[in-house]
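Asks: Residues are numbered in our numbering as their position in the sequence shown, beginning at 1, plus a constant of 173. After the structure tokens below, expect a handful of questions from me.
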Amino acid sequence: MGIKSLRIIAIAGLAAGVVLALAPAASATPAAHGNGPDRVIGHGINAQQSSNWSGYAETAGGYTTATANWKVPSVSASSTPTYSSAWVGIDGDGNSNLIQTGTEADYYSGSAHYDAWWEILPAAETVITKIAVHPGDSFTGTVAKVSGTTWKITLKDDTTGASYSANHTYRGPGHSVEYIQEAPEVNGSIAQIAHFSTFSFSGLTVNGHGPALKSADEILLVQNGHTYSTPSAPNSAGNGFSVSYTG
């Protein structure tokens, strides 16, 4: 099974399925990545599978801007720590570069935890502390090339108006674009995906236009032979889809 580029979260004191820290902190460990996803027979048309990603990715190249809207899902209680991230990004499919921004929805230490973040691999995740994230909030995320190696990352909570926007240096090739629900890596291992409520990505754009998603772009999140997260077929405009927990 191929492993997509990973967002890495480090939890101090994580052992034997027990989380001792009160909140996740980012790790500076470079992302792990593989040679792309395996093909899954019998689901959609050329559907792919990954142990950490579900959603849609395109790999035609030449990508310089991507935008997505989504509602933050709620997460259910779990007996062991579980994690999930919804995000939009460029690169990461087939290479170890990635610029991305999104929201986190996790369950650990007996409660659900939500936050906003941005990340440029191989550097650590940066939590956007000025955005308080709540399940059901509507978010818009954008990564866009300004010029040369200058890119702008923007994330806005459309429900509360809180936002983040800043320029950063990024040197990736713009090979792929993604709209993803992810099981991030925690202390060196891909986490169990959180039991999240069904939610939708909408208003998707790439290079200023709709991405025209197709079934061949679909990715299923499969762990230990079981499908845990499944995207729907694209909407009729090819610029949106829903994601459901299927564990």
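Where a beta carbon is used, it is the ideal one built from N, C-alpha and C, also for glycine. Only a predicted model underlies this, so the values are computations on that prediction, with no experimental measurement involved.
(1) Taking just the CA atoms, how far does residue 282 sit from residue 253?
(2) What are the boundary residues of the beta strand (DSSP E) that includes residue 372?
(3) Less than 7 Å between the beta carbons of residue 142 and residue 390, yes or no?
(4) With DSSP as the reference, please indicate the residues paired to residue 242 in a beta bridge.
(5) Which value, in whole angstroms, describes the spacing of the CA atoms of residue 359 and residue 302?
(6) List the endpoints of the continuous beta strand (DSSP E) containing residue 262.
(7) Give the single residue among 289, 311, 372 and 374 whose Cα lies nearest to the Cα of residue 304.
(8) Please state the DSSP three-state secondary structure of residue 364.
(9) In the structure shown, what three-state DSSP assignment does residue 417 receive?
(10) Does the beta-carbon of residue 319 have 16 or more other beta-carbons within 10 angstroms, so that it is buried, or is it exposed?
(11) Helix or strand or just coil, what does DSSP make of residue 233?
(12) Take the Cβ of residue 403 as the centre, count every other Cβ of all protein chains shown within 10 Å, and call the residue buried at 16 or more, exposed below.
(13) So does the segment 327 to 334 actually touch the segment 357 to 372, counting three or more Cβ pairs closer than 8 Å?
(14) Helix, strand or coil for residue 338? Go by DSSP, reduced to three states.
(15) Measure from the alpha carbon of residue 422 to the alpha carbon of each residue in 401, 410, 317 and 412, then state which is nearest.
(16) In the DSSP assignment, what are the bridge partners of residue 326?
Replies: This is what the structure gives:
(1) Taking the first residue of the sequence shown as position 1, residue 253 is located at position 80. Taking the first residue of the sequence shown as position 1, residue 282 is located at position 109. Cα-Cα distance, rounded: 9 Å.
(2) Taking the first residue of the sequence shown as position 1, residue 372 is located at position 199. Where residue 372 is concerned, the enclosing beta strand (DSSP E) stretches over 372 to 379.
(3) Residue numbering for the chain in the displayed model covers 174 to 420; residue 142 lies beyond these limits and cannot be assessed.
(4) Residue mapping note: residue 242 aligns to position 69 of the sequence shown, counting from 1. In the DSSP output, where bridge partners are listed per residue, residue 242 has 313 and 375.
(5) As a first step, residue 359 must be located in the sequence shown, where it is residue number 186. As a first step, residue 302 must be located in the sequence shown, where it is residue number 129. Approximately 20 Å, taken between the alpha carbons.
(6) Here residue 262 refers to the residue found at position 89 of the sequence shown. Unbroken beta strand (DSSP E) run through residue 262: 258 to 263.
(7) One-based indexing of the sequence shown puts residue 304 at position 131. It is 289.
(8) Your numbering for residue 364 matches position 191 in the sequence shown. In the structure shown, residue 364 sits in coil (DSSP, three-state: anything other than H, G, I, E or B).
(9) Numbered from 1 along the sequence shown, position 244 holds the residue referred to as residue 417. It is a strand residue.
(10) For the purposes of this step, residue 319 is taken as the residue at position 146 of the sequence shown. Flag for residue 319 reads exposed.
(11) Position 60 of the sequence shown, counting from 1, holds the residue named residue 233. In the structure shown, residue 233 sits in coil (DSSP, three-state: anything other than H, G, I, E or B).
(12) As a first step, residue 403 must be located in the sequence shown, where it is residue number 230. Looking at its Cβ environment, which holds 16 or more other Cβ atoms inside 10 Å, residue 403 is buried.
(13) no
(14) Numbered from 1 along the sequence shown, position 165 holds the residue referred to as residue 338. It is a strand residue.
(15) Outside the shown range of the chain, which is 174 to 420, sits residue 422, and nothing can be said about it.
(16) Here residue 326 corresponds to residue number 153 of the sequence shown, with the count starting at 1. Residue 326 pairs with 316 and 339.
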